[in-house]
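Asks: Just so we're aligned, residue 2 is where the sequence shown starts under this note's numbering, counting upward by one.
Ideal placement from N, C-alpha and C gives every residue a C-beta, glycine not left out.
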Amino acid sequence: MRTFKNLAFLAVLLSLVSCQEKQQEHKLLLFDFEDIAQAKLVKPQDATFELIEGETNNYIKVNNGFTIRETGVRLVSPENQSWDLSGYFQVKADVSNAGDEAIQVELFVGNDPDGLLRWYCSDYVDLEPDESKTITVDLAWTPWIHKPQIEVNGLRGVPGKIKADLTKVTEFTFCSRYATQPNNFTVDNVRAVGKYEEKSPEGFFPFIDEYGQYIHKDWQGKMHFDKELKAFAKKELEYLKASKGAENIGKFGGWTAGPKLEATGFFRTEKVNGKWWMVDPEGYLFWTAGLNCVASESVFTGISHREDYFKFLPERDSILGQFYGTGTHASHGFYKDKLPYDSYNFYQSNLYRKYGDNWLETFQNMAHLRIKDWGMNTIGFMSDFGATRQQRTPYVGSIWIRNTPKIEGSNGFWGKFHDVFDPKFREAVRASVENQKEGANDPWCIGYFIDNELSWGLLGSLSVGTLKSPATQPAKIEFVKDLKAKYVDITKLNEYWGSKYISWKNLLESTEAPNKELAKEDLVTFYEKIAHTYFSTICEELKRVAPNQNYLGCRFAWANNDVVLTAASQYLDIMSFNKYEYSIEKMSLPEGVDKPVLIGEFHFGALDRGNFHIGIKKAKDQAERGQMYQDYIQGALRNPYIVGAHWFQYLDEPNTGRFDGENYNVGFIDVCDNPYQELIEKVKETTYSMYEYRSNHKK
2 MRTFKNLAFL AVLLSLVSCQ EKQQEHKLLL FDFEDIAQAK LVKPQDATFE
52 LIEGETNNYI KVNNGFTIRE TGVRLVSPEN QSWDLSGYFQ VKADVSNAGD
102 EAIQVELFVG NDPDGLLRWY CSDYVDLEPD ESKTITVDLA WTPWIHKPQI
152 EVNGLRGVPG KIKADLTKVT EFTFCSRYAT QPNNFTVDNV RAVGKYEEKS
202 PEGFFPFIDE YGQYIHKDWQ GKMHFDKELK AFAKKELEYL KASKGAENIG
252 KFGGWTAGPK LEATGFFRTE KVNGKWWMVD PEGYLFWTAG LNCVASESVF
302 TGISHREDYF KFLPERDSIL GQFYGTGTHA SHGFYKDKLP YDSYNFYQSN
352 LYRKYGDNWL ETFQNMAHLR IKDWGMNTIG FMSDFGATRQ QRTPYVGSIW
402 IRNTPKIEGS NGFWGKFHDV FDPKFREAVR ASVENQKEGA NDPWCIGYFI
452 DNELSWGLLG SLSVGTLKSP ATQPAKIEFV KDLKAKYVDI TKLNEYWGSK
502 YISWKNLLES TEAPNKELAK EDLVTFYEKI AHTYFSTICE ELKRVAPNQN
552 YLGCRFAWAN NDVVLTAASQ YLDIMSFNKY EYSIEKMSLP EGVDKPVLIG
602 EFHFGALDRG NFHIGIKKAK DQAERGQMYQ DYIQGALRNP YIVGAHWFQY
652 LDEPNTGRFD GENYNVGFID VCDNPYQELI EKVKETTYSM YEYRSNHKK
């Protein structure tokens, strides 16, 4: 029997090796520059390039500027030709940093007109000077595909689906991500690799079980019966009640083994030995390790027009029918033009199955117990008031500036930008703060995030949007007033801008964008004025209502320029950034700005537990998610500016998508309310020693 098992194992091993060899053989070389004629297919963008002919290998070296978002090169297909990459799983490229500063090199596959799809077909690597790595872009959501492809709507990551139309790819873009100064990188050996396993879509529907889990796969921790849910809940609760959490932690989560500073009764910041820290109400050093969206109501999924996706949906008049709802908002995706729509909350129904009628109170209690056991100390952005009001764990407030007038010519992922010069803007800010002041003057409330991931755009872009707006736009009226005060005569402005306005009234009525280079000085000046007005107005209104809480900012995302960050620093107590990166150890602020920084969002996801989308940063499994968490947090702890980092989010998004289709494996817990143990183990290893780690690290 032993011999038979060994032979069987050997057969499986040989089969795997053979499969890997076939995968490696399935390769399409796109660019290697051994044929120097390929240099003609390199198109620079705010850059130059040179073909380096080595003794054994040719490659291109890119010399980048930093004036546009995608400074670098496009590698294009020969005229009237394209590549069909639909049969390949990945595109890979070898890149290296040829400069003296650390950089990020990003690859976009294709030029899909849908910005979201183009983003999905991209990835990047961090490179130290002289370091080389391979960028890998996955072209499908899973390593297998349905053939033929089938239509599955309302979720971003779709099992068995290719990410975008890859039958006619005409370009590959390599850029220096978020460059702020000239840099250099090399590109070589661009290839499509890997072959999908093909599966028939027959029998795929339904693909979600009664617990909200994927049907066609099993994994460690998957729930099959209610008794499993209850048994897991009982075991976890017994463990948590006995857990003491990390040592030397005070009432508010501060480090009691560290120095004792002035206690003001509220959270504040102070620089200690060259590093920024928060200080808790008792005067202890505090570094905020938090979880966003500690809430059960936010993870509903749409069921309208998709009922056949689900194996079981309860009768509406049954006990589980209480978890039906109505979706009234969808910023993007399938439901955007289908409002309102029916929804169901599988997570809440699982809480009911686990905990009974008191499921909500138990959810709130478990959140506090888990956060303490996990060595964390903050309930983050957009969380359950029932939990935060218990005054057991510090928390942040969340305020959205609602019902404001907008700059009509502006645009952004989450919508148009506020017109801060319209008198109604301050009115809206005041009303929003008053109506959402949960936590004002509560010692447990660290401070407030106000707005989220605003589209500040490239330097001066909001000024361009202002000029493209109607003549009645208050921001435009303000801008023209400033220009008139500076130039007096319209002909003088025309000389500088290269424009042909016949009068100031003509400028006000025009909706054409100016020459951005010639008008740059004035565009930047007004852009800066927008930033100052935005932050100063909110600061004044917030401090009027909550003078003891920190103004945490608007959770900057993407590449925000020095002008807006410098302006913001004058009004914010703590500057917040949503930074989906592999490391933030070297994150810095503009020259002359010395402020504490809070990371509002980051995460890593994997596909090993029945999920369809990794989120924004990829891990191979739950254990690697934990290692990436540790690497990220320890890098943040080594950064003297950073006073905390909050993971997005407490629980996974629904497999069939939230309101905008996001269905990311980004939770510390799954749809059945069970923690990912491998992740949690590494989190605890990190957080239990985080105060000592930060205190002992030398700059």
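1) Pick out whichever of L566, D609 and F603 has its Cα sitting closest to the Cα of P591.
2) Just to confirm my understanding: we take F10, look at its own chain, exclude 5 residues before and 5 after, and list those with CB closer than 7 Å. What are they?
3) Kindly say whether D452, judged by its beta-carbon, lies nearer than 8 Å to any beta-carbon of chain B.
4) Which same chain residues end up closer than 7 Å to E1 when comparing Cβ atoms and leaving out the 5 residues on each side of it in sequence?
5) In three-state DSSP terms, what is M367?
6) For Y342, is the classification buried or exposed, using 16 other Cβ atoms within 10 angstroms of its Cβ as the cut-off for buried?
7) From the DSSP output, read off the bridge partner residues of E54.
8) Can you find the residues in the same chain that come closer than 8 Å, C-beta to C-beta, to K218, ignoring five residues on each side of it along the sequence?
9) In angstroms with no decimal places, state the Cα-to-Cα distance between M691 and L638.
10) Express the C-alpha separation of G376 and T687 in angstroms, rounding to a whole number.
11) In its own chain, which residues sit with a C-beta less than 7 Å from the C-beta of Q623, not counting the 5 before and 5 after it?
12) Grab me the residues of L352's own chain with a C-beta within less than 8 Å of its C-beta, minus the 5 sequence neighbours each way, in chain order.
13) What residue does the alpha helix (DSSP H) around E625 start on, and which one ends it?
14) Using a Cβ-Cβ cut-off of 6 Å (strictly less than) and excluding sequence neighbours within five positions of C294, which residues of its own chain qualify?
15) Just tell me which of Q150, G291 and Y89 has its CA closest to the CA of E203.
16) Using a Cβ-Cβ cutoff of less than 7 Å, which residues in the same chain neighbour K699 once the five nearest sequence positions on both sides are dropped?
17) Please report the distance separating the alpha-carbon of E22 from that of I585.
18) Give every residue of the same chain whose Cβ lies closer than 7 Å to the Cβ of T137, excluding the five residues on either side of it in the sequence, and list them in chain order.
19) Helix, strand or coil for L599 per DSSP?
20) Return the chain-ordered list of same chain residues with a C-beta closer than 8 Å to the C-beta of S332, the five sequence neighbours on each side being excluded.
21) Classify V434 as helix, strand or coil using the three-state DSSP reduction.
22) Can you name the start and end residues of the alpha helix (DSSP H) that H533 belongs to?
23) Please go through the same chain and pick out, in chain order, the residues whose beta-carbon is closer than 8 Å to the beta-carbon of H604, but skip the five residues on each side of it.
24) Relative to the C-alpha of S504, which residue among P515, V489, N185 and F109 is closest?
25) Could you tell me which residues DSSP puts in a beta bridge with C446?
26) Given that a residue counts as buried once 16 or more other Cβ atoms are within 10 Å of its Cβ, and exposed if not, what is L30?
27) Taking the alpha-carbon of D595 as reference, which of P315, L573, I451 and K373 has the nearest alpha-carbon?
28) What did DSSP end up calling Q349 once you bin it into helix, strand or coil?
29) Buried or exposed: which applies to D189, given that a residue is buried once 16 or more other Cβ atoms fall within 10 Å of its Cβ?
30) Taking contact to mean 3 or more Cβ pairs, one atom from each stretch, closer than 8 Å, check whether the segment 518-530 and the segment 461-479 are in contact.
31) Kindly indicate which three-state DSSP category G303 falls into: helix, strand or coil?
32) Spatial neighbours of V430 within its chain, please: C-beta separation below 8 Å, excluding the five flanking residues on both sides.
33) Taking the Cβ atom as the reference point for each residue, do V63 and F175 lie within a distance shorter than 8 Å?
34) Quick one: what does DSSP say I250 is sitting in, helix, strand or coil?
35) Name the two residues that bound the continuous beta strand (DSSP E) containing P260.
36) Let me know if I394 comes out buried or exposed under the rule of 16 or more other beta-carbons within 10 Å of its beta-carbon.
Replies: This is what the structure holds:
1) L566
2) Its pLDDT being 37, under 50, F10 is placed unreliably by the model, and the measurement read from it follows with that caveat. There are no such residues.
3) Protein chain content of the structure displayed is limited to a single chain, and chain B is not contained in it.
4) Nothing can be reported for residue 1, as the shown portion of the chain is limited to 2 through 700.
5) In the three-state reduction of the DSSP assignment, M367 falls in the helix class, which pools H, G and I.
6) Flag for Y342 reads buried.
7) N59
8) G611
9) 7 Å
10) 8 Å
11) A607, D609, R610, Y677, E679 and L680
12) Non-local C-beta neighbours of L352 in its own chain, meaning closer than 8 Å and more than five positions away in sequence, comprise S297, W360, L361, T363, F364 and D674, ordered along the chain.
13) Q623 to R639
14) M383, Q650 and Y651
15) Q150
16) Nothing listed; no residue qualifies.
17) With a pLDDT of only 39 at E22, under 50, the local geometry of the prediction cannot be trusted, and no value is derived from it.
18) Q91, K93 and D124
19) strand
20) W415, G416, F660 and D661
21) helix
22) K521 to V546
23) Y581, G616, I617, K618, W648, F649, Q650, Y665 and V667
24) Comparing Cα-Cα distances from S504 to each of P515, V489, N185 and F109, the minimum goes to V489.
25) Looking at the DSSP assignment, C446 forms a beta bridge with Y396.
26) It is exposed - the Cβ of L30 has fewer than 16 other Cβ atoms within 10 Å.
27) L573
28) Here Q349 carries a helix assignment [DSSP, helix/strand/coil].
29) buried
30) yes
31) Residue state, collapsed to three classes: strand.
32) When the five nearest sequence neighbours on each side are left out, the beta carbons in the same chain lying within less than 8 Å of the beta carbon of V430 are those of I402, T405, T538, I539 and E542, in order along the chain.
33) In this structure, F175 lies closer than 8 Å to V63 by Cβ.
34) strand
35) Residues W256 to K261.
36) According to the sequence shown, residue 394 is Thr rather than Ile. It is buried - the Cβ of T394 has at least 16 other Cβ atoms within 10 Å.
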